[in-house]
Amino acid sequence: MKICIIGSGHIGAGLARAWCKRGHALVFGARNPDDAELVSLCRDLGASAAPVSAAPKDAEVVVLAVPYGAIEAVLGEVGSLTGKVVIDCTNAVERGMTLKYGHTTSSAEELQKRIPQARVFKSFNAQGAENLARPEYPAGRATNFFCGDDADGRKLVKQLVEDVGFDAVDAGPLKNARLLEPMMLLWVACAQSLGTRDVAFRLLRR
Amino acid sequence: MKIAFLGAGKVGAPLAAHLAAAGHEVVLASTKENSTSLGAALARSPKLRAEAIAEAVRAAEVVFLATPFSANEAVLRPIAALLAGKVLVDCTNPVGPGLSHGLRSERSGSELVQALVPEARVVKAFSIYGFENFEDPSFPGYDVRPTMLFCGDDARAKQLASDLIYDCGFDPLDVGGLVQALHLEHMTLLWVRMVRAQGHAPGLVWSALHRPKTTLPFSKLVVFGDGLSDQGRFYALTDGRYPPSPPFLRGRWTNGPTWVEHLSRRAGLPLAQEDNFAQGGATTGAFNINEPLRGALGLDGAAPIRGVLAQVDAYVTRERAIDDRALHVLWAGGHDIGAYLDFGQPDVKAQPPAENVKRAVETLAKAGARRFFIGNMPDMSSTPGYAGTPKAAQAKEIVDAYNAGLVRVAAELRGALGVDIIEFDGAAAFADIAAHAGEHGIKHLAEAFLPWDAIDFAAPLSAPKPLPKDREGQNPDDYFSFWAVSAGRRVHALLAEKALTTLLAHTKVAQ
Numbered sequence: 012m013k014i015c016i017i018g019s020g021h022i023g024a025g026l027a028r029a030w031c032k033r034g035h036a037l038v039f040g041a042r043n044p045d046d047a048e049l050v051s052l053c054r055d056l057g058a059s060a061a062p063v064s065a066a067p068k069d070a071e072v073v074v075l076a077v078p079y080g081a082i083e084a085v086l087g088e089v090g091s092l093t094g095k096v097v098i099d100c101t102n103a104v105e106r107g108m109t110l111k112y113g114h115t116t117s118s119a120e121e122l123q124k125r126i127p128q129a130r131v132f133k134s135f136n137a138q139g140a141e142n143l144a145r146p147e148y149p150a151g152r153a154t155n156f157f158c159g160d161d162a163d164g165r166k167l168v169k170q171l172v173e174d175v176g177f178d179a180v181d182a183g184p185l186k187n188a189r190l191l192e193p194m195m196l197l198w199v200a201c202a203q204s205l206g207t208r209d210v211a212f213r214l215l216r217r
Numbered sequence: 002m003k004i005a006f007l008g009a010g011k012v013g014a015p016l017a018a019h020l021a022a023a024g025h026e027v028v029l030a031s032t033k034e035n036s037t038s039l040g041a042a043l044a045r046s047p048k049l050r051a052e053a054i055a056e057a058v059r060a061a062e063v064v065f066l067a068t069p070f071s072a073n074e075a076v077l078r079p080i081a082a083l084l085a086g087k088v089l090v091d092c093t094n095p096v097g098p099g100l101s102h103g104l105r106s107e108r109s110g111s112e113l114v115q116a117l118v119p120e121a122r123v124v125k126a127f128s129i130y131g132f133e134n135f136e137d138p139s140f141p142g143y144d145v146r147p148t149m150l151f152c153g154d155d156a157r158a159k160q161l162a163s164d165l166i167y168d169c170g171f172d173p174l175d176v177g178g179l180v181q182a183l184h185l186e187h188m189t190l191l192w193v194r195m196v197r198a199q200g201h202a203p204g205l206v207w208s209a210l211h212r213p214k215t216t217l218p219f220s221k222l223v224v225f226g227d228g229l230s231d232q233g234r235f236y237a238l239t240d241g242r243y244p245p246s247p248p249f250l251r252g253r254w255t256n257g258p259t260w261v262e263h264l265s266r267r268a269g270l271p272l273a274q275e276d277n278f279a280q281g282g283a284t285t286g287a288f289n290i291n292e293p294l295r296g297a298l299g300l301d302g303a304a305p306i307r308g309v310l311a312q313v314d315a316y317v318t319r320e321r322a323i324d325d326r327a328l329h330v331l332w333a334g335g336h337d338i339g340a341y342l343d344f345g346q347p348d349v350k351a352q353p354p355a356e357n358v359k360r361a362v363e364t365l366a367k368a369g370a371r372r373f374f375i376g377n378m379p380d381m382s383s384t385p386g387y388a389g390t391p392k393a394a395q396a397k398e399i400v401d402a403y404n405a406g407l408v409r410v411a412a413e414l415r416g417a418l419g420v421d422i423i424e425f426d427g428a429a430a431f432a433d434i435a436a437h438a439g440e441h442g443i444k445h446l447a448e449a450f451l452p453w454d455a456i457d458f459a460a461p462l463s464a465p466k467p468l469p470k471d472r473e474g475q476n477p478d479d480y481f482s483f484w485a486v487s488a489g490r491r492v493h494a495l496l497a498e499k500a501l502t503t504l505l506a507h508t509k510v511a512q
């Protein structure tokens, strides 16, 4: 699959490492594609980098892995996202660990309003980037939720979540993103409580 | 612990039954409205009883709010004064139209509850799943238990709630202050929408996976010892009748989980009930001081009433191959010394308890065990039984000799067998907890919460005696000792912390 990841921080690079291993074709969208660290990462992974304006052009899936404050700038630069699956990994968390959008909407729902022709999903937001590298725990495989409204898109997103090594769990329509974003804050609280960022939720079923 | 339930419906009834089964004294508050559900709830367990709401709440240390959210105000307002200072576990969830948040996500239900009863110590818990999972929290086929996230502003209230969560079959996980309740209520909505709207089966819970910060080089715990570590050996033999539970917690010799259970949880080392051989009354030898009670307990000659050496024999006989990564915990000696001081036998001079421990390790090592954790004895001269008596000096002398003997024996065993022995300074651990008792909320050092004769040894299966008048309304957790010389709930938790510190330090050195 052709994937464009905008952002090459912990989450963006973590996803890229996992997906390149699974044979996906990966391009980073970057403000500065010639950044030495990014060039080196691309060399390691067999990925490429391009300006935000050009990178998503051929991609079926575009992943937003930037701080949420940068979304406006990305949307200003990026070309058409019409018909593309867009995975929003951001968390609109403000100072004092509060949610910018509260619990009555979410960054993903707001994003969908801005790009109505794209198929927006929320995923990879509710845990630390450490879990992208090591989703397997002694007591099982970590769960990663996704939600969104598009029927075909959700098959594709589910596959991409599984390709990272997670147990992929469909959390329903995009409006449930307002439930996944506060989970990030609970994940942080769990990490603090247990004294380690190597912590993940796992769904048990009976 | 004394617990009252407000609401005994789909959420309250199963939780009340679990807690009663765990040995708590659980009372269901009856109101005009709940007579039907109350009858059904009482039918779950003969240990449950009902009382008028004011009486139930007045006597309780912890109150569960398990009414429908919409009833909270009507239920709480009239009893607000009674709830002052009590722990209020809020299990309710405001769910609004279209499975939205019932308070329009503006404020959490728990903060509203706190505002209704400003002097109660509110903890939000038992809220993030549907009732089906409170009914049955077991998830066969997984290595982990379901996690229960909880939050609240009062640290001691959260400690109590945490223990009760564990007793209901969940792993407690503290996610911070009551301000987190709004997030938890939205986590509930995720469960509700997935199950009630999207067709996921209701047997659906989260567990919190984590990697212990330091991976200890052990596979599990196997425990030998006395009542300090006993998880319910007599309780199993007597169909739950001895020791009387409550006041004891499900066959333990205290009112909470034992230190080894805490250690298992904190260190991430499994401890199966059948791998805990510790039994109240065990000496380091084969003898158990409860042996004379065999008839009164209704036990035949084959029923195991064991001292440590007999426990070790039973384990070695049972195992085909001993796991060489298992950590074998040995902690006993108090009954050797007590029986000698009180009755002159077994003779600790002719058969020193440290030599028994040596024999236990040799037997285990011969069968394949390589890793040992051995505790020494606290200063018994300052315990309620001997403090201020003529035997205090003798007690100190024997304890000192035993502890010195253990040091010598550990060195000999390491040299002769090449085994890994971790020495746990139980004496220092007890002394340190006692020295800082106030910081841990322990107010009474000299006297135990329950007197020695709380158990009628002439008729040990008889119903527990009523609490002495001066203990009524007292919190047993405020006492260093729960009964006679058995450690209290807080002491057990603190011992586990100290044991874990010893394990981690040893592992670091070994690496």
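Line by line, the protein sequences are chains P and Z. 21 is the number that the numbering used here gives to position 10 of the first sequence; each next residue is one higher, with no gaps. 419 is the number that the numbering used here gives to position 418 of the second sequence; each next residue is one higher, with no gaps. Ideal Cβ positions, reconstructed from N, Cα and C, are used throughout, including at glycine.
When Cβ pairs closer than 8 Å are counted between the two stretches, the segment 140-154 of chain P is seen not to touch the segment 120-132 of chain P, the count staying below three. G97(Z) carries a strand assignment under DSSP once its states are collapsed to helix, strand and coil. In terms of beta-carbon proximity, F171(Z) stays away from the interface with chain P, with every pair separated by 8 Å or more. Listed in chain order, the non-local C-beta contacts of V223(Z) below 6 Å within the same chain comprise D276, A327 and H329, local neighbours out to five positions each way being set aside. Between G269(Z) and D325(Z), the gap from beta carbon to beta carbon reaches 8 Å or more. Secondary structure within the segment 133-170 of chain P: the alpha helix (DSSP H) runs of 4 or more consecutive residues, fully enclosed, are 141-144 (chain order). Within the segment 87-109 of chain Z, contact with chain P at the beta-carbon level (separation under 9 Å) is assigned to S101, H102, R105, S106 and E107. With a threshold of 8 Å between beta carbons, D155(Z) makes no contact with chain P. For G204(Z), the C-beta contacts it makes with chain P under 9 Å involve L215, R216 and R217, in order along the chain. Contacts with chain P at 8 Å (Cβ-Cβ) include Q199(Z).
Residues of the same chain with a CB within less than 8 Å of the CB of T364(Z), apart from the 5 flanking positions on each side, are L310, V313, D314 and V317 in chain order.
Straight across, the Cα-Cα distance linking K48(Z) with A21(Z) is about 6 Å. Note on the segment 172-233 of chain Z: whole beta strand (DSSP E) runs with a minimum of 3 residues are 172-175, 205-211 and 222-226, in chain order. Separation of R216(P) and Q181(Z) (C-alpha to C-alpha, rounded to the nearest whole angstrom) is 26 Å. By the CB criterion at 8 Å, S208(Z) and P245(Z) fall outside the cutoff. Residues of the segment 116-148 of chain Z with a Cβ closer than 7 Å to any Cβ of chain P, in chain order: F140, Y143, D144, V145 and P147. Residue pairing by DSSP puts R130(P) in a beta bridge opposite V96(P). The residues V196, in chain order, have a CB closer than 8 Å to that of A202(Z) in the same chain once the five nearest residues on each side in sequence are set aside. H102(Z) sits in a strand when the DSSP states are folded into three classes. Not a single C-beta of chain P is nearer than 8 Å to the C-beta of S111(Z). Per DSSP, reduced to three states, the secondary structure at L75(P) is strand. For L270(Z), there are no neighbours in chain P by C-beta distance under 8 Å, as the nearest C-beta there is about 12 Å away. Assigned with DSSP and collapsed to three states, D154(Z) falls in coil, not helix or strand.
Around the beta carbon of A273(Z), a 10 Å sphere encloses fewer than 16 other beta carbons of the protein chains shown; the residue is thus reported as exposed. By the Cβ criterion, the segment 52-63 of chain Z is not in contact with the segment 96-109 of chain Z, since fewer than three pairs of Cβ atoms, one from each stretch, lie closer than 8 Å. Excluding sequence positions up to five before and after I323(Z), its CB lies within less than 6 Å of the CB of A368, G369 and A370, all in the same chain and listed in chain order. Under the three-state reduction of DSSP output, W484(Z) falls in the strand class. The beta-carbon of R212(Z) is placed less than 8 Å from the nearest beta-carbon of chain P. At least one CB of chain P lies nearer than 8 Å to the CB of V176(Z). For H19(Z), the enclosing alpha helix (DSSP H) starts and ends at G13 to A22. For H263(Z), no beta strand (DSSP E) encloses it; the enclosing alpha helix (DSSP H) starts and ends at W260 to A268. P354(Z): member of the alpha helix (DSSP H) spanning P354 to K367, first to last residue. Within chain Z, the residues placing a beta-carbon under 7 Å from that of S204(P) are L174, D175 and V176, ordered along the chain. Only G113, H114 and T115 from the segment 113-143 of chain P bring a Cβ to less than 8 Å from some Cβ of chain Z. Separation of N187(P) and F157(P) (C-alpha to C-alpha, rounded to the nearest whole angstrom) is 9 Å. Judged by DSSP secondary structure, A30(Z) falls within the beta strand (DSSP E) whose first and last residues are E26 to S31.
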